[in-house]
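Note that the sequence shown covers residues 16 to 310 in the numbering used here.
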Amino acid sequence: MGILRTFKVLIASRRLFSNWLSAGIRYYLVKHSMIKGGITVKCSNRKYVLSPRVYSLIVNAYYDGAFEELECHDSLYAVFAYKGQKIRFCDSFEFLNDIVFENFIGGAYDDIDASNRVVIDVGAGVGDTAILFALRGAKKVIALEPFPSLYKKALINIKINGVEDRISLINAGLGSFNGEVYAELSDIHGYYLFKPSASSVKVRMYTLDSLIRELEIERGSVLKVDCEGCEYKAVLSAKPEDLVIFEQIVIEYHNGYAELKRFLESAGFTTTIKPIRSVHQPIEKQGYIIAKRKA
Numbered sequence: 016m017g018i019l020r021t022f023k024v025l026i027a028s029r030r031l032f033s034n035w036l037s038a039g040i041r042y043y044l045v046k047h048s049m050i051k052g053g054i055t056v057k058c059s060n061r062k063y064v065l066s067p068r069v070y071s072l073i074v075n076a077y078y079d080g081a082f083e084e085l086e087c088h089d090s091l092y093a094v095f096a097y098k099g100q101k102i103r104f105c106d107s108f109e110f111l112n113d114i115v116f117e118n119f120i121g122g123a124y125d126d127i128d129a130s131n132r133v134v135i136d137v138g139a140g141v142g143d144t145a146i147l148f149a150l151r152g153a154k155k156v157i158a159l160e161p162f163p164s165l166y167k168k169a170l171i172n173i174k175i176n177g178v179e180d181r182i183s184l185i186n187a188g189l190g191s192f193n194g195e196v197y198a199e200l201s202d203i204h205g206y207y208l209f210k211p212s213a214s215s216v217k218v219r220m221y222t223l224d225s226l227i228r229e230l231e232i233e234r235g236s237v238l239k240v241d242c243e244g245c246e247y248k249a250v251l252s253a254k255p256e257d258l259v260i261f262e263q264i265v266i267e268y269h270n271g272y273a274e275l276k277r278f279l280e281s282a283g284f285t286t287t288i289k290p291i292r293s294v295h296q297p298i299e300k301q302g303y304i305i306a307k308r309k310a
């Protein structure tokens, strides 16, 4: 981060914290290992102790326009406007740029018509895409998130945005087998393969077939998949007859689209490839494949 930007970010933080200057100085000292500890911030007569990482995420996201105000209650809530409505996200600052600039404002899912349809949201994260589909008129959203820390945040975010009556959130993932995996309990910084550890818990793993069958997914539904690499095994292991249920499919791919494109087209879909905006990756590597059933 350049010196000029650092200064501008610090000045902008005065609209977030009443002790913005002392918090910013302490962050600088901690970052450069001159002192140790967290960053105490004051907001609406409340005090919060933030890790240097979270403090940096908040002030930089605010400076970049990812949110418009900070609400200070039991926790810190980022607030931004979407179609004239206030949207709130709790403790989701690590994902805020993607939430706002990719999904809500960036139009990642604008090609999908969720109105009055059931949407299967695989890789729900902190609940942002499930909330987005609900706000866009989905009849019901069935959202899967395997990581317990993200699942818990998604529960909060879905409730505070008033869409819990249209979203069913499940602590589970999608893959090539029907069973259980181990997922890390603590907050995650990036994604990784599921594996046992001292701080992990078993979560359910569905195949597309078992998901459709057990949850009785209706014909004409929409499938969204953003699971940081699971899309290949999860989708390519499905039978073409499994996909008959879906009218529209959107997949964020992370290692090329060729196999997914061939498979979806052989199952009766037309496909379009769309670039991702939140990261600098060539479209051949990462982006979206949007599949719509042939008329």
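For each residue, glycine too, the CB sits at the ideal point set by N, CA and C. All values reported here derive from a predicted model rather than from experimental measurement.
Check: When the Cα of E256 is compared with those of F278, V69, I185, which residue comes out closest?
Finding: Locating residue 256 in the sequence shown gives position 241, where the first residue counts as 1. The shortest Cα separation from E256 among F278, V69, I185 belongs to F278.
Next item on the list: Can you tell me which of the three DSSP states T222 falls into?
Entry: Taking the first residue of the sequence shown as position 1, residue 222 is located at position 207. Coil at T222, not helix or strand.
Notebook entry, point to check: Can you find at least 3 beta carbon pairs, one from the segment 159-171 and one from the segment 119-131, that sit closer than 8 Å?
Noted result: no
Margin query: For a test of the three-state rule: what should DSSP assign to F284, helix, strand or coil?
Written below: Taking the sequence shown and counting its residues from 1, the one referred to as residue 284 is at position 269. Reduced to three states, the DSSP call for F284 is strand.
Check: Whole-angstrom Cβ separation of E109 and F162, contact assumed at under 8 Å?
Finding: The residue you call residue 109 lines up with position 94 of the sequence shown. The residue you call residue 162 lines up with position 147 of the sequence shown. Between F162 and E109 the Cβ distance is about 12 Å, and since that is not below 8 Å, they are no contact.
Item checked: Neighbourhood of E83 by C-beta, 8 Å cutoff - its chain only, sequence neighbours within 5 removed -> Within the sequence shown, numbered from 1, the residue matching residue 83 stands at position 68. Hits under 8 Å: V94, F95, A96.
Item checked: Local Cβ density within 10 Å of G205, reported as buried at 16 or more and exposed below that -> On the sequence shown, residue 205 is found 190 positions in, with the first residue counted as 1. Interpretation of G205 is limited by its pLDDT of 46, a score under 50 that renders its predicted location unreliable; the figure taken from the coordinates is listed afterwards. Flag for G205 reads exposed.
Next item on the list: Please go through the same chain and pick out, in chain order, the residues whose beta-carbon is closer than 8 Å to the beta-carbon of A27, but skip the five residues on each side of it.
Entry: Along the sequence shown, one-based indexing puts residue 27 at 12. The answer, listed in chain order, is V74, Y77, Y78.
Checklist line | C-beta atoms of L159 and A129 nearer than 7 Å | finding: Sequence index remark: in the sequence shown, residue 159 carries index 144 (1-based). Sequence index remark: in the sequence shown, residue 129 carries index 114 (1-based). It is not a contact, given that the beta carbons lie outside the stated cut-off.
Check: Which parts of the segment 232-268 are runs of the alpha helix (DSSP H), unbroken and 4 residues or longer, counting only runs that do not cross its ends?
Finding: 246-251
Note to self: Among the candidates I18, T222, Y70, whose CA atom is the shortest distance from the CA of S37?
What the structure shows: As a working note, residue 37 is residue 22 in the sequence shown. S37 has its Cα closest to that of Y70, out of I18, T222, Y70.
Checklist line | Spatial neighbours of G39 in its chain, beta-carbon cut-off 7 Å, leaving aside the 5 residues before and after | finding: Working through the sequence shown from its first residue, we reach residue 39 at position 24. Closer than 7 Å at the Cβ level, and outside the excluded window around G39, lie L25, S28.
Checklist line | Sequence-distant residues of the same chain with beta carbon closer than 7 Å to I182, five excluded per side | finding: Numbered from its first residue, the sequence shown carries residue 182 at position 167. For I182, where only same-chain residues beyond five positions count, the Cβ hits under 7 Å are A145, A149, V156, A158, I173.
Margin query: Which residues does DSSP list as the beta-bridge partners of D136?
Written below: Within the sequence shown, numbered from 1, the residue matching residue 136 stands at position 121. Beta-bridge pairing links D136 to A158, K239.
Margin query: Please report the straight-line C-alpha distance between D136 and V240, rounded to a whole angstrom.
Written below: The residue given as residue 136 occupies position 121 in the sequence shown. The residue given as residue 240 occupies position 225 in the sequence shown. C-alpha separation (whole angstroms): 6 Å.
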